[in-house]
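Encoded as structure tokens, the structure appears first; notes follow it.
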Amino acid sequence: MQFTKDSFYLALRERMMALNPQRRVMVDGVSRAAIFASENEPVSAKAIEEDSFYLRWGASRAAAKHVGGSRRLRALECVITYRTRGTCESAVDRGRAIGALDNELLNICHPGRSRKRDFTQSPSVDLASDIFWSEPELAELETGDASDSAAGCGGAILQRSARLTLYFFPEVDFS
Amino acid sequence: MSQSRTRAAMVPVTRRVRAYFAAVDRATESPAIFDPAKMGLFELEAPPPPWIDLGWVDNFDRISGTMTECMRTGPASGASVQFRASLDARVEFDFREWGKLQMALAGGVQHMNVLAADPNADPEPLGGSPLLGVAVLPGSTATEIQVGAGVNAFAIGDMVAVDVDYAQQTGYVGAGIPGAFVRSAADVLMDPNYIRRVTFNVGRVAGATSSSLLMEQPLLGGAPAQDALVQKVIAFADREGGSFFQEWSAVFVLEEQSGGRVCFYYPRLSPSTPAAAAASGYQRERRIEIAEPIAAVALHAAFVALPHKDHNDGEITVCYRSYFPSSAAALY
Chain Y
0 MQFTKDSFYL
10 ALRERMMALN
20 PQRRVMVDGV
30 SRAAIFASEN
40 EPVSAKAIEE
50 DSFYLRWGAS
60 RAAAKHVGGS
70 RRLRALECVI
80 TYRTRGTCES
90 AVDRGRAIGA
100 LDNELLNICH
110 PGRSRKRDFT
120 QSPSVDLASD
130 IFWSEPELAE
140 LETGDASDSA
150 AGCGGAILQR
160 SARLTLYFFP
170 EVDFS
Chain F
0 MSQSRTRAAM
10 VPVTRRVRAY
20 FAAVDRATES
30 PAIFDPAKMG
40 LFELEAPPPP
50 WIDLGWVDNF
60 DRISGTMTEC
70 MRTGPASGAS
80 VQFRASLDAR
90 VEFDFREWGK
100 LQMALAGGVQ
110 HMNVLAADPN
120 ADPEPLGGSP
130 LLGVAVLPGS
140 TATEIQVGAG
150 VNAFAIGDMV
160 AVDVDYAQQT
170 GYVGAGIPGA
180 FVRSAADVLM
190 DPNYIRRVTF
200 NVGRVAGATS
210 SSLLMEQPLL
220 GGAPAQDALV
230 QKVIAFADRE
240 GGSFFQEWSA
250 VFVLEEQSGG
260 RVCFYYPRLS
270 PSTPAAAAAS
280 GYQRERRIEI
290 AEPIAAVALH
300 AAFVALPHKD
310 HNDGEITVCY
320 RSYFPSSAAA
330 LY
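Here the protein sequences come in this chain order: Y and F. The numbers in numbering that gives the first Met the number 0 rise by one with no breaks, and the one at position 84 of the first sequence is 83. The numbers in numbering that gives the first Met the number 0 rise by one with no breaks, and the one at position 133 of the second sequence is 132.
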């Protein structure tokens, strides 16, 4: 499963850097692509960088109708979270900024497949199958601050979570 | 590499089916050839010529009606020899995108370009007497039509049909792709505009120079003939009924998500009645609900596969299935 996680994360990171090379953030003085696998970040890391994508892995299950035989297909849930306060002090463009993030996410998730590789080795090793995933489902916008929301401006920070399901053939021989 | 890894890649997984069509040479009944050795792994957004991308299709069904029978011999009448008694294959699907070709293939008959009509013309179901065409000048290509001062007769965004005048010929007509079969000049009232009414050589004006029209997409029939004319098209139309049958070669590709690519090649497809609609009729268009009462409308297309002689061994066949295993996949 780790190969699936790594392959998906790196596929999205590569696509994002090709689509929008400016989507970078400074973390501990280092410029990084603004897409993170939450579980790989140091525990001391800032809660969440704005204008960045955070991947969080969820439950994994056998894909229905593909549980028999030796080629079992598994599904793995993934939640991608991102937030923004826009680009100006008044934050009046935060709606557009979150829209741009939505659009970027939809773009980098297409096409919905990538090669599965073992990135624990260098150079990485082809694992002979692909991973593929569903279209991201964008959840309702959340506001970063409830009191702001009550003020009628919809919150100074806008945050969204997108959910998708990855499918992969695990490195387990069920025969 | 473990066997588990190589066998996982043997499971083709797909999300969508993409359709590509190419014209059959009706005079010789020669299909367009899909050569899997040269074309099989083509980029789905950029099919090799002469294949034309008609977009993603839904509800794709390949139906084989080929029947096998046995010769029975001996006292117990056991099956001793098998043979194929009839060769029959059909394919059905829904075009989710509408366009000239999609309508023509789903409709199956002559597909008409409704030409911009003279304001004083009598009304006709496919458009009355059209406005005069503008002559095509030498140097035109499939993407740029030289018309000289005639450029002022068109605006950016106009649809146009580009083909020659009908000159009382009989047989298949239409530049590059047969749009209709004319049995006699009287049938089409010797209408000089008739070929432009049925031609597939259509395009949309994306831009213009002082003397030429620039096409959004290349004209399907290729560069216009020297004596061709350009006429503005208002709409596309087809009819229930008519004697003409479209005939096209087709390739359907199962977009690979995991595992290998699967392609289905039909050398000759002719529009037909859907298999399940023999007595009850069928819906020409399908409504695909978005959120009631909003719905998308899909064109339902059904074809019968016509026979083709395979030059490799002289066998008569109606369709081919090719499989391109994923790299590193086990082969059996």
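From the three backbone atoms N, C-alpha and C, an ideal C-beta is built for every residue, glycine too. Values in this document were obtained by computation on a predicted structure and should not be read as measured data.
Look at the stretch 46-57 of chain Y: it has no residue with a C-beta under 9 Å from a C-beta of chain F.
The beta-carbon separation of residue 135 of chain F and residue 161 of chain F, rounded to 6 Å, stays under the 8 Å limit for a contact. Residue pairing by DSSP puts residue 13 of chain F in a beta bridge opposite F/255. If one requires a minimum length of 3 residues, the beta strand (DSSP E) runs lying completely within the stretch 93-120 of chain F are 111-114, in chain order. A check of alpha carbon separations from residue 178 of chain F across F/103, F/273, F/125 identifies F/103 as the nearest.
Distances from the alpha-carbon of residue 157 of chain Y to those of Y/115, Y/94, Y/127 put Y/94 closest. For residue 290 of chain F, there are no C-beta contacts with chain Y under 9 Å, since the nearest C-beta of that chain is about 16 Å from it.
With respect to the C-alpha of residue 130 of chain Y, the residue from F/8, F/300, F/233, F/54 having the closest C-alpha is F/8. For residue 77 of chain F, DSSP records a beta bridge to F/72. For residue 5 of chain F, the three-state secondary structure derived from DSSP is helix. The beta carbon of residue 58 of chain Y sits closer than 7 Å to those of 76, all from its chain and outside the five residues before and after it, given in chain order.
Chain order gives the chain F residues near residue 168 of chain Y as 7, where near means a beta carbon separation below 7 Å. Under the 8 Å Cβ criterion, the stretch 101-121 of chain F does not count as touching the stretch 68-76 of chain F, having fewer than three qualifying pairs.
When rounded, the separation of the alpha-carbon atoms in residue 119 of chain F and residue 125 of chain F is 15 Å. Taking residue 60 of chain F as reference, the option from F/252, F/198, F/292 with the minimal CA-CA separation is F/252.
Against chain Y, a Cβ distance below 7 Å from residue 328 of chain F picks out 127.
Bounds of any alpha helix (DSSP H) do not take in residue 180 of chain F; it lies within the beta strand (DSSP E) bounded by 179-181. Only exposed fits residue 166 of chain F, as fewer than 16 other CB atoms lie within 10 angstroms of its CB. Contacts with chain Y at 9 Å (Cβ-Cβ) do not include residue 16 of chain F.
In this structure, DSSP gives residue 270 of chain F an extended state, which the three-state scheme calls strand. Of all residues in the stretch 237-259 of chain F, the ones placed with a Cβ closer than 9 Å to any Cβ belonging to chain Y are 254, 255, 256, 257, 258, in chain order. In chain order, 116, 120, 121 place their CB closer than 6 Å to the CB of residue 127 of chain F, counting only its own chain and leaving out the 5 sequence neighbours on each side. By a beta-carbon distance limit of 8 Å, residue 221 of chain F does not contact residue 325 of chain F. Their separation comes to about 37 Å. Taken through DSSP and simplified to helix, strand or coil, residue 44 of chain F comes out as coil. A direct Cα-to-Cα measurement between residue 40 of chain F and residue 125 of chain Y gives close to 20 Å.
Within 8 Å of the CB of residue 131 of chain Y, the CB atoms of chain F belong to 12, 14, 256, 257, in sequence order along the chain. For residue 45 of chain Y, the number of other beta carbons within 10 angstroms of its own is below 16, and it is reported as exposed. For residue 325 of chain F, a Cβ of chain Y is located within less than 9 Å of the residue's own Cβ.
For residue 267 of chain F, the closest alpha carbon among the candidates F/184, F/315, F/224 is that of F/315. Boundaries of the alpha helix (DSSP H) around residue 1 of chain Y: 1-18. Residue 108 of chain Y counts as buried, since at least 16 other C-beta atoms from the protein chains shown sit within 10 angstroms of its C-beta. For residue 129 of chain Y, the enclosing beta strand (DSSP E) stretches over residues 124-132. Rounded to the nearest angstrom, the gap between the Cα atoms of residue 31 of chain Y and residue 80 of chain Y is 17 Å. 9 Å or more divides the Cβ of residue 156 of chain F from the Cβ of residue 26 of chain F.
The C-beta distance from residue 255 of chain F to residue 11 of chain F rounds to 7 Å, short enough to fall under 8 Å. Within the stretch 183-210 of chain F, the complete alpha helix (DSSP H) runs of at least 4 residues fall at 193-197.
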